[in-house]
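Below is one structure, written out as structure tokens; the observations come after it.
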Amino acid sequence: MIKPNRIYSAAIVIAAGLIASPAFAEDESFFSNWLANVSSTQEEQPHWMTPLVTVTPRLEQEYRFDYSHSDVPKPKAGTTIDSYGGGKGIEIIPSRNTEIIVGVPAYQVKDVPNKPSVTGVADENLLLKYRILTANEEHGNYIVTAFLGTSLQTGGNAFTTNHTLVTPTIAAGKGWGDRQSGVDIQSTLGMAVPSGGVSTLGRPLTWNMALQGHVGKFWPEIETNYIHWYDGALAGKSQMMITYGTTIGRFVIKDRVKAIVGIGYQIVQGTQVVNLNHATLATMRITF
627 MIKPNRIYSA
637 AIVIAAGLIA
647 SPAFAEDESF
657 FSNWLANVSS
667 TQEEQPHWMT
677 PLVTVTPRLE
687 QEYRFDYSHS
697 DVPKPKAGTT
707 IDSYGGGKGI
717 EIIPSRNTEI
727 IVGVPAYQVK
737 DVPNKPSVTG
747 VADENLLLKY
757 RILTANEEHG
767 NYIVTAFLGT
777 SLQTGGNAFT
787 TNHTLVTPTI
797 AAGKGWGDRQ
807 SGVDIQSTLG
817 MAVPSGGVST
827 LGRPLTWNMA
837 LQGHVGKFWP
847 EIETNYIHWY
857 DGALAGKSQM
867 MITYGTTIGR
877 FVIKDRVKAI
887 VGIGYQIVQG
897 TQVVNLNHAT
907 LATMRITF
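For the sequence shown, the positions run 627 to 914 when my numbering is used.
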């Protein structure tokens with residue numbers, strides 16, 4: 627198995643190379659043309675912030691690292707899982723209307739009372755976005771995007787699903803206001819379809835919605851994350867989670883390179899607790 631430190635080292639090297647590319651823009655026509663196209667395609671869409679949990683329908687270009695500390699009901703009360711990286715990673719806009727996300731497998735630590743800690747990496751996540759239609763704040767302030775995500779069975783024994791999952795998703799958003807202040811709603815609806823093991827994994831339907839406001843660089847939000855399981859061990863069960871949080875940014879580091887940070891707290895709404903009691907979330911992003 628590839629060691630987590632090697633995975634993160636490789637990701638950092640890739641991210642550093644991508645972030646450093648603007649420094650060579652004047653001499654390298656490929657990079658200058660590419661970054662000009664990135665700026666052009668992002669100018670066509672709203673300039674909202676990516677929420678903490680909901681995947682934004684907007685096209686982004688950044689390196690993202692998330693952390694979460696979760697209290698889970700299984701296999702025993704008091705069980706916690708710390709996730710370093712959150713399965714996030716490199717987000718690239720290779721051409722107009724498209725984005726590719728190559729996740730860095732999260733390094734996870736599971737603590738069960740009175741038992742040794744279990745550590746390892748989770749499965750690899752990949753995501754393709756295709757923006758169907760959009761308008762920036764001056765021309766309508768909306769966006770509609772299709773996603774096709776996949777999770778590959780590359781993780782350690784304790785954290786892999788043992789099957790490939792494919793998740794088609796539709797995402798949309800609408801905003802009110804301008805680039806300095808306003809509110810927006812971003813939402814996704816998708817279903818994970820496993821390559822096997824349906825009797826265990828089922829087919830979870832996930833509906834996320836984020837209500838976000840902003841004044842300057844301050845972006846408070848509230849998100850709902852609803853999951854309903856079809857088939858499998860959790861067939862017929864549902865879970866609604868609510869996330870309260872905020873992101874702050876974008877802070878200019880140099881030229882187009884900017885930093886974003888955020889924190890949040892996630893709880894289960896209602897009495898049906900399936901795989902989460904509550905969680906603390908944090909995010910760090912470098913856009914380029």
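Built from N, CA and C at the ideal position, the CB exists for glycine as well. Remember, predicted model here, so these are calculated numbers, not experimental data.
Does residue i pass the burial test, meaning 16 or more other C-beta atoms within 10 Å, or should it be called exposed?
i      : result
Gly715 : buried
His765 : exposed
Ser709 : buried
Ala649 : For Ala649, the predicted model reports a pLDDT of 47, less than 50, meaning its position is unreliable and no value from the coordinates is stated.
Leu754 : exposed
Ala662 : exposed
Pro742 : exposed
Gln917 : There is simply no residue 917 to check, as the chain begins at 627 and stops at 914 in what is shown.
Glu763 : buried
Arg911 : buried
Glu717 : buried
Asp810 : buried
Leu759 : exposed
Phe572 : With the chain running from 627 to 914 in the structure shown, residue 572 is simply not present.
Asn631 : Here the model assigns Asn631 a pLDDT of 48, short of 50, so the residue's position is not dependable and the matter cannot be decided.
If you draw a straight line from the C-alpha of residue i to the C-alpha of residue j, how long is it?
i      : j      : result
Asn751 : Gly808 : 32 Å
Thr872 : Pro739 : 32 Å
Ala772 : Thr706 : 34 Å
Thr909 : Val681 : 13 Å
Ser721 : Asn783 : 37 Å
Gly746 : Gln838 : 34 Å
Trp674 : Arg757 : 15 Å
Thr913 : Trp660 : 15 Å
Thr858 : Gly822 : Going by the sequence as given, residue 858 is Gly instead of Thr. Roughly 11 Å separates the two Cα atoms.
Leu774 : Tyr856 : 20 Å
Gly862 : Leu902 : 17 Å
Gly816 : Gln865 : 15 Å
Trp802 : Asn767 : 7 Å
Gln779 : Arg882 : 35 Å
Lys736 : Phe656 : 44 Å
Ala818 : Pro794 : 7 Å
Gly781 : Arg876 : 33 Å
Leu860 : Thr826 : 8 Å
Thr787 : Tyr689 : 25 Å
Lys702 : Val744 : 14 Å
Arg684 : Gln734 : 28 Å
Ile886 : Ile874 : 6 Å
Gly828 : Ser658 : 46 Å
Leu831 : Glu654 : 45 Å
Phe785 : Gly704 : 18 Å
His840 : Gln668 : 19 Å
Gln898 : Ser666 : 45 Å
Pro846 : Asp804 : 16 Å
Val824 : Phe691 : 31 Å
Would you kindly check if the distance between the Cβ of residue j and the Cβ of residue i is under 8 Å?
i      : j      : result
Ile879 : Ile848 : no
Ala732 : Ala748 : yes
Val679 : Asn834 : yes
Leu907 : Ile889 : yes
Ser696 : Ala905 : yes
Ile719 : Val664 : yes
Tyr693 : Gly713 : no
His789 : Pro820 : yes
Gln812 : Pro699 : no
Gln671 : Ile796 : no
Thr814 : Val792 : no
Gly842 : Gln895 : no
Tyr870 : Tyr891 : yes
With a threshold of 7 Å, establish whether the CB of residue i neighbours any heavy atom of the ligand NAD.
i      : result
Pro794 : Questions concerning the ligand NAD fall outside what the structure shown contains, since it holds no ligand whatsoever.
Which residues does DSSP pair with residue i in a beta bridge?
i      : result
Val792 : Thr776 and Val819
Phe691 : Met910
Met835 : Ser813 and Thr850
Asp804 : Answer is none; Asp804 lacks a bridge partner.
Val841 : Ser807 and Phe844
Gly799 : Ile769 and Gln812
His904 : Asp697 and Ile893
Arg684 : In the DSSP output, where bridge partners are listed per residue, Arg684 has none listed.
Pro830 : Trp855
- Query: Which parts of the segment 702 to 779 are runs of the beta strand (DSSP E), unbroken and 3 residues or longer, counting only runs that do not cross its ends?
  - Reply: 705 to 711, 715 to 718, 724 to 729, 733 to 737, 744 to 747, 750 to 761 and 768 to 778
- Mind pulling the alpha helix (DSSP H) runs of 4 or more residues that sit fully within the segment 852 to 893? none
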